[in-house]
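Here UniProt numbering is used: the first residue of the sequence shown is 1, the next is one more, and so on. Glycine included, C-beta positions come from ideal geometry on N, C-alpha and C. Given the structure is predicted, the values throughout are model-derived calculations rather than measurements. Down below is the structure, laid out as structure tokens.
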Amino acid sequence: MSEQNVEQPSKNNEPVHIHIQSLISESMKLSARIIAKLEGGDANEIYVKALNDALQNTTELLGAEFIPDRG
Numbered sequence: 001m002s003e004q005n006v007e008q009p010s011k012n013n014e015p016v017h018i019h020i021q022s023l024i025s026e027s028m029k030l031s032a033r034i035i036a037k038l039e040g041g042d043a044n045e046i047y048v049k050a051l052n053d054a055l056q057n058t059t060e061l062l063g064a065e066f067i068p069d070r071g
């Protein structure tokens, strides 16, 4: 398996980072469903909380202030 630069286009001419983002998103959704089954709760709420946590961590790493969307 060869490594591919994230900016290099894929076979269908989409940047590879788009595919990576999609894989991460699907992985997070699956994880949320698993957590919901094991611990109870709503998978969508768990997924949204995970996204907010990831966004908060990213903005803090960038030195920005995180203001969650309340809408």
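At a Cβ-Cβ threshold of 7 Å, Tyr47 and Ala32 count as neighbours.
Put simply, the backbone Cα of Ser22 is about 11 Å away from that of Lys29.
Rounded to whole angstroms, Thr58 and Val16 show a C-alpha spacing of 21 Å. Rounded to the nearest whole angstrom, the C-alpha separation of Gly40 and Glu26 is 20 Å.
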